[in-house]
Amino acid sequence: MVSESPSRNTPSVPLIEVEGIEVVYDGAILALADVSLTIGRGEIVALLGANGAGKSTTLKAISGLVVADRALITRGTVRFGGEEIGGIAPNLLAQRGIVHVLEGRHVFGHLTVEENLRTGTFLRRPGRAETERDLEEIYGWFPRLKTKRRTPAGLTSGGEQQMLAIGRALLTRPELVLLDEPSMGLAPIIVDEIFEIVAALNRQKGTTFLVAEQNIAVSLRHAHRGYVLDGGKVVLAATAAELRQREDLHEIYLGLASA
Ligand SMILES: Nc1ncnc2c1ncn2[C@@H]1O[C@H](COP(=O)(O)OP(=O)(O)O)[C@@H](O)[C@H]1O
Ligand SMILES: [Mg+2]
119 MVSESPSRNT
129 PSVPLIEVEG
139 IEVVYDGAIL
149 ALADVSLTIG
159 RGEIVALLGA
169 NGAGKSTTLK
179 AISGLVVADR
189 ALITRGTVRF
199 GGEEIGGIAP
209 NLLAQRGIVH
219 VLEGRHVFGH
229 LTVEENLRTG
239 TFLRRPGRAE
249 TERDLEEIYG
259 WFPRLKTKRR
269 TPAGLTSGGE
279 QQMLAIGRAL
289 LTRPELVLLD
299 EPSMGLAPII
309 VDEIFEIVAA
319 LNRQKGTTFL
329 VAEQNIAVSL
339 RHAHRGYVLD
349 GGKVVLAATA
359 AELRQREDLH
369 EIYLGLASA
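Counted the way our numbering counts, the sequence shown spans residues 119 to 377.
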């Protein structure tokens, strides 16, 4: 086990503090110019913005996955419980409680739903009884996955694959879940179902979420606070209630305000 830093448990320190980060792909493409945000323990924070605004890159900067895409944090800092984590490998950050659910529902299509879920326990290596309990807990949150437990994941619906990706991430027992566009390509009723489960996990387990979304309406219905990105910069930060009332949100969001 990786030991916890003392500040991790200090409530006054935000869980995540991103301060003025710049991220460059391939040594040339500036994806984030200046992003600062905080995430408190137990919050659901929405990260909004149009396609290409920098949402996924922000998530990758927090989870450490930037390196997997030949990108670097060239300026600014990322702190987790007060401790700087920029440059730490994603598998180590996963062990410390940050899990990233990638855009596009990455599941192992030829493995069954349950086999996919079991891969989520590999970092912790729990015993057999504990694994079974953990699986049952995930099936409790996502009853649809239980009915499909023996089905190859590739044969399940898009919504079920998204639930599977989230369920597998939860099996790492994360403190922070980074969710990248969970609504993408799904029917509104399924999107609602997924966000309801996220909100329930947050209320009942205290799991913290950063959710990148283009779908403003559904994410602001469930988030506590939100940030709007445009061109790799944070252009607006407010509570979800305030953002819901901004009539110019769509304009800001589409970059029209700065154009
Ligand atoms: N793997 C990559 N290589 C080069 N440029 C990238 C890569 N991924 C993203 N970018 C660029 O970084 C910017 C932000 O992209 P991204 O973070 O994916 O935005 P969003 O998730 O909001 O759609 C875009 O200009 C995009 O073209
Ligand atoms: Mg993206």
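A virtual CB, placed ideally from N, CA and C, is assigned to each residue, including glycine.
Owing to the predicted nature of the structure, the values given are computational and were not obtained by experimental measurement.
May I have a chain-ordered list of the alpha helix (DSSP H) segments no shorter than 4 residues that lie completely inside the region 250–321?
261–265 and 276–288
Terminal residues of the continuous beta strand (DSSP E) containing residue 163?
Counting along the chain, the beta strand (DSSP E) containing residue 163 begins and ends at 162–166.
Can you list, in chain order, the residues of its chain with a C-beta nearer than 7 Å to that of residue 244? Leave out the 5 residues immediately preceding and following it.
252
Find out if the Cβ-Cβ distance for the pair residue 149, residue 182 is shorter than 8 Å.
no
Going residue by residue through the region 191–252, where are the continuous beta strand (DSSP E) segments of at least 3 residues, counting only ones entirely within it?
216–219
Any idea what DSSP makes of residue 144, helix, strand or coil?
coil
Determine the direct distance from the alpha carbon of residue 268 to that of residue 200, and round the result to whole angstroms.
42 Å
Using C-beta distances below 7 Å, list every residue in its chain close to residue 336, excluding the 5 sequence neighbours before and after it, in chain order.
301, 309, 310 and 313
When every heavy atom of ligand 2 is checked, does at least one fall within less than 7 Å of the C-beta of residue 298?
yes
Could you check whether residue 288 and residue 330 sit closer than 8 Å to each other, using their CB atoms as the reference points?
no
Own chain, CB closer than 8 Å to residue 142, minus 5 neighbours either side, in chain order:
148, 149, 189, 190 and 192
Based on DSSP bridge pairs, tell me the residues matched to residue 357.
343
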